[in-house]
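Written out below as structure tokens is the structure these notes cover.
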Amino acid sequence: MEFEEMEPIFGELKAEWSVGAPKTAALKPFLFLVGGLLNSPDVLRISVTDFHSNTWESRKSKSQLEDMRDSIGIGGSWSDFVEYVIASLKSEDVKLVMEGESKSGGAAKAKLVAQKAKGMPRIIITLAKLVNADANEAMANLSLELHEAYKKMHLSLVNEERRCCQLTKTLSDEQEKNDTLQRHIDTMTFSKKQKFQNSIDKAGLDNGSLVQQSSPDKQAAPVAASTKATKRVVPTHRRAKVRGAFLQESDDDA
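Residue numbering for the sequence shown follows the numbering used here, starting at 3 and increasing by one per position.
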């Protein structure tokens with residue numbers, strides 16, 4: 003693995019004085035940067051600074067890291083070791099341990115201690131103090147690297163927001179299409195239901211008419227009417243004449 007290909011690692015670490023060291027001054031917040039060098043791809047650079055009187059740096063070549071690997075006792079491949087170092091530096095348990103007092107101000111010695119997890123091997127890197135132009139250059143590099151990382155993150159966030167907006171618009175368009183299609187389907191379904199219901203109602207009316215026409219009551223009415231029509235009523239004058247005839251015949255018999 004070439005260190006120039008790795009993404010820079012930034013973080014704020016815990017600074018403390020070593021056991022027994024005089025606490026000459028209150029410690030300020032420290033930032034650190036871990037990354038490769040453009041002109042030395044097999045070198046890992048570690049920079050630590052409080053942007054005041056304490057700026058430290060260490061550059062570890064691959065052979066030096068191999069020695070560290072042997073001293074720590076981490077097995078596996080070279081890639082496994084590098085991944086372990088990176089994971090340890092990204093963990094929350096990264097601290098700067100300082101001791102002594104430098105004539106130029108700040109501590110005289112410092113080392114960075116990182117541990118991936120409790121109970122696992124610790125990565126210990128001795129740091130060299132930087133002063134004057136070297137310290138300014140290290141602080142400038144860290145600031146520029148941090149700014150570049152911020153721009154990349156910001157650009158990534160902008161692109162992600164743009165992509166989310168496009169997806170939201172696409173989803174809205176698809177939803178509108180679905181709603182329009184659903185309304186069309188509902189209209190067609192309602193129309194078919196209406197036609198089906200009308201056909202049922204019409205069939206019901208036709209069947210009712212046929213039933214009424216074939217009903218016995220309807221057929222009996224004309225028959226009864228015709229039967230009544232055959233009964234003849236004898237006129238009154240004819241009935242009286244008949245009665246008179248019977249009376250005359252009775253007198254003759256007498």
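Every residue, glycine too, gets a C-beta built ideally from N, C-alpha and C.
Less than 6 Å between C-beta atoms, sequence neighbours within five positions excluded: which residues of the same chain meet that for residue i?
i           : result
residue 46  : 5, 62
residue 49  : 35, 59, 140, 144
residue 2   : Since the first and last residues shown for the chain are 3 and 256, residue 2 lies out of range.
residue 107 : 55
Quick check on residue i - is its C-beta less than 8 Å from some C-beta in chain C?
i           : result
residue 205 : You won't find chain C in this structure, because it holds only one protein chain.
Just the C-alpha distance for residue i and residue j, rounded to the nearest angstrom, thanks.
i           : j           : result
residue 14  : residue 75  : 27 Å
residue 227 : residue 202 : Interpretation of residue 227 is limited by its pLDDT of 49, a score under 50 that renders its predicted location unreliable; the figure taken from the coordinates is listed afterwards. Roughly 37 Å separates the two Cα atoms.
residue 82  : residue 90  : 12 Å
residue 43  : residue 181 : 58 Å
residue 163 : residue 54  : 38 Å
residue 87  : residue 18  : 21 Å
residue 120 : residue 94  : 11 Å
residue 16  : residue 57  : 15 Å
residue 174 : residue 84  : 47 Å
residue 179 : residue 187 : 12 Å
residue 151 : residue 65  : 29 Å
residue 30  : residue 169 : 46 Å
residue 79  : residue 68  : 11 Å
residue 33  : residue 172 : 43 Å
residue 103 : residue 109 : 4 Å
residue 206 : residue 167 : 58 Å
residue 189 : residue 156 : 49 Å
residue 184 : residue 165 : 28 Å
residue 134 : residue 98  : 21 Å
residue 154 : residue 105 : 40 Å
residue 118 : residue 96  : 9 Å
residue 92  : residue 40  : 22 Å
Residue i and residue j look like a contact to me (Cβ under 8 Å); what is the Cβ gap, rounded to whole Å?
i           : j           : result
residue 132 : residue 113 : About 15 Å separates the two Cβ atoms, so there is no contact after all.
residue 116 : residue 124 : 7 Å
residue 122 : residue 51  : 27 Å between Cβ atoms; not a contact.
residue 8   : residue 38  : 6 Å
Within 7 Å: the Cβ of residue i and any heavy atom of the ligand GTP?
i           : result
residue 187 : In terms of ligand content, the structure shown is empty, and the ligand GTP therefore cannot be addressed.
Spatial neighbours of residue i within its chain, please: C-beta separation below 8 Å, excluding the five flanking residues on both sides.
i           : result
residue 147 : 10, 12, 35, 37
residue 199 : none
residue 196 : none
residue 176 : none
residue 243 : Here residue 243 scores only 49 on pLDDT, less than 50, and its place in the model is too uncertain to base an answer on.
Considering only DSSP beta bridges, list what residue i is partnered with.
i           : result
residue 109 : Answer is none; residue 109 lacks a bridge partner.
residue 63  : 45
residue 80  : According to DSSP, residue 80 bridges with nothing at all.
residue 17  : 98
residue 116 : 96, 125
residue 130 : 59
residue 50  : 34, 58
Going by beta carbon distance, what residues of the same chain come within less than 7 Å of residue i, once the five residues before and after it are set aside?
i           : result
residue 126 : 113, 115
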